[in-house]
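Residue numbering for the sequence shown follows the numbering used here, beginning at 251 and increasing consecutively.
Built from N, CA and C at the ideal position, the CB exists for glycine as well.
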Amino acid sequence: MYFQIYKNILGPFFEKVIKKRKMYDYLKFLKESQRWSNEQLKDYQWNELKKLLLHSYEQVPYWKDIFNKLGISLDDIRNHEDFRKLPIITKENIRTNKYRMISNNLRGKTWTKATGGSTGVPLELDYTPDSYDWRVACSKRGYAWAGSEDGVKQGYIWGVAIGKVSKKQYFKELIHHAVLRQKYFNCFEFNEEKMKECLDKLNKFKPEILVGYTNPLCNFAQFVKNNGKLNFKPKGIISAAEKLHEYQREIINEVFDCPVFNTYGSREFMLIASECERHEGLHINSENLLVEIIKDDGTPAKNGELGNIVITDLHNYGMPFIRYQIGDMAIASDKVCSCGRGLPMLADVVGRRLDMIKTPDGRNIPGEFFPHLMKEFKAVKQFQVVQDKIDELVITIVKEKDLRDSDFEFMSKEILKVVGEQIKIDFKFVDEIPLTKTGKHRVTISNLEQ
């Protein structure tokens, strides 16, 4: 009953009448467009891209200079091959040129946010309220595939704002979450005591959907399996913010006895792609984002090939992100999902660029190799691989119980088989591996110049 009241009355009234926003209009459009054919979606995307490029040339000093330096006019961009003549931009380009990347006609009318940044230097980004409405609408559509909609009871195993929060902001969020029927649990503070407290409250609340950071979700599922009893059964669980490994999906699915939905997003764009009920890959929000998978030589990755994720935000006219290399890698896919949606897909998001391990012979080893290996050792509670030197790996392990000598021999043998005999492996044992400042656990860290 409450769900229907919120969906049909409270939500639309708040967004359209009070906030005077277009999010619900965009959400309605997205629910229709997801059933378009792939060709229809491509045509729509191309038309939106042409409008963005025209605006960027006319209103954004940085992009006007790029066009002029390359000797390219808008008429010269007739297809995607022409579009790829524009350079890929990085976080460093934005840090250096941010002021000149903001549209002249929208300066002072944008919102600003910062990404966490693995380098410790936050990246400030500007975006328009309208582009935010697009992002929220895309997120709501993707989450709805897992059964998550406003007004449905949802538990969030999530992070909280860093720093002191004002009383006004605290009560504002408290009311907002209560109206949406959402309960938040700070995974940054998770230990056995906090997880027991979380389980007790979830058992009373009985959410239909659980949403959470992947690693804390997996750790919580393991805690429930070993120490607690579940008095509710969610319809679906949404894994977010971190890479979902198959062994983690299996643990979460086993404990909660419901499907797990993988998602991929970022601070820059919010939800980029997400799984539907068929779990055959990640559907890209192509009405809002043009996502390219580009190999290191600058050419597009073919089906099944690994490449860098490069994104163009089609609706952020305040600070156009055109061919922005986000720092993640993915496997390209030309698959059409059996669900019938025409949205393009990613086979998988493989890992952060900085999480690739380099070898002395010039290879990049995906960090996903290590979780794949470590799942074989039940005595390993948590681990982290750090590379400071090209010929050395430091593997830090939190033990659930003692590891046997034969375990180390097998572990070392399998690692050297992949990375090569030239690399030295050092094992360290600790009680706890610290999280990043944004509350995430990095499985592999390469401190080498990429």
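Would you mind sorting P213 into buried or exposed? The rule is 16 or more other CB atoms within 10 Å of its CB.
The structure shown does not extend to residue 213, since the chain is modelled only from 251 to 700, so the question has no answer here.
Run of the alpha helix (DSSP H) containing L280, from where it starts to where it stops
M273 to S283
So K444 and F482 are supposed to be a Cβ contact under 8 angstroms. How far apart are they, rounded?
K444 to F482, Cβ: 19 angstroms. No contact.
Measuring alpha carbon to alpha carbon, tell me which residue in I640, Q672, V668 and M624 is nearest F658.
M624
C-beta atoms of L430 and Q404 nearer than 9 angstroms
yes
By DSSP's criteria, K701 is part of a beta bridge. Which residues make up the other side?
What is shown of the chain runs 251 to 700, which leaves residue 701 out entirely.
For Q575, I'd like the list of residues in its chain whose CB is within less than 6 angstroms of its CB, leaving aside the five on either flank, ordered along the chain.
I338, T340, N558 and V560
What would DSSP say about F482, mapped onto helix, strand or coil?
coil
Is L373 helix, strand or coil by DSSP?
strand
What are the boundary residues of the beta strand (DSSP E) that M520 is part of?
Counting along the chain, the beta strand (DSSP E) containing M520 begins and ends at M520 to S524.
What are the boundary residues of the alpha helix (DSSP H) that includes T464?
Residues T464 to N477.
Which residues does DSSP list as the beta-bridge partners of G405?
K433 and L460
May I ask which residues mark the beginning and end of the beta strand (DSSP E) holding Y567?
Note, Y567: premise wrong, no beta strand (DSSP E); not H, not E.
With DSSP as the reference, please indicate the residues paired to K363 in a beta bridge.
L375
Cutting at 8 angstroms between CB atoms, please list the residues of its own chain near L304, excluding the five before and the five after it.
L324
Unbroken beta strand (DSSP E) run spanning V510, endpoints
Counted as a single uninterrupted DSSP element, the beta strand (DSSP E) harbouring V510 occupies residues V510 to S516.
Can you name the start and end residues of the beta strand (DSSP E) that L556 belongs to?
Run containing L556: L556 to D563, per the beta strand (DSSP E) assignment.
Beta carbon of L467 nearer than 9 angstroms to that of I407
If you check the CB distance, L467 and I407 come in under 9 angstroms.
Should R385 be labelled buried (16 or more other beta-carbon atoms within 10 Å of its own) or exposed?
buried
Cβ-Cβ distance between G577 and V693 below 9 angstroms:
No, the Cβ-Cβ distance between G577 and V693 is not below 9 angstroms.
Would the beta-carbon of L666 fall within 9 angstroms of that of D598?
Cβ atoms of L666 and D598: not closer than 9 angstroms.
Evaluate contact between the region 525-541 and the region 307-317, counting only Cβ atoms and requiring at least three cross-stretch pairs below 8 angstroms.
no
Where Y567 falls, given that 16 or more other Cβ within 10 Å makes a residue buried:
buried
Buried or exposed: which applies to W395, given that a residue is buried once 16 or more other Cβ atoms fall within 10 Å of its Cβ?
buried
If we call anything under 9 angstroms between Cβ atoms a contact, is R285 one with G590?
yes
Cutting at 7 angstroms between CB atoms, please list the residues of its own chain near I501, excluding the five before and the five after it.
Same-chain partners within the cutoff: C468, A471 and Q472.
Applying the 10 Å Cβ sphere with the 16-neighbour rule, what's the burial state of V267?
exposed
To the nearest angstrom, how far is the alpha carbon of E458 from that of P484?
4 angstroms
Which word fits H495, buried or exposed, when buried means at least 16 other C-beta atoms lie within 10 angstroms of its C-beta?
buried
Sorted by chain position, which residues of the same chain lie with C-beta nearer than 8 angstroms to I534's C-beta, five sequence neighbours on each side aside?
So the list reads I522, A523, V541, L593, P594, M595 and L596, once near-sequence residues are dropped.
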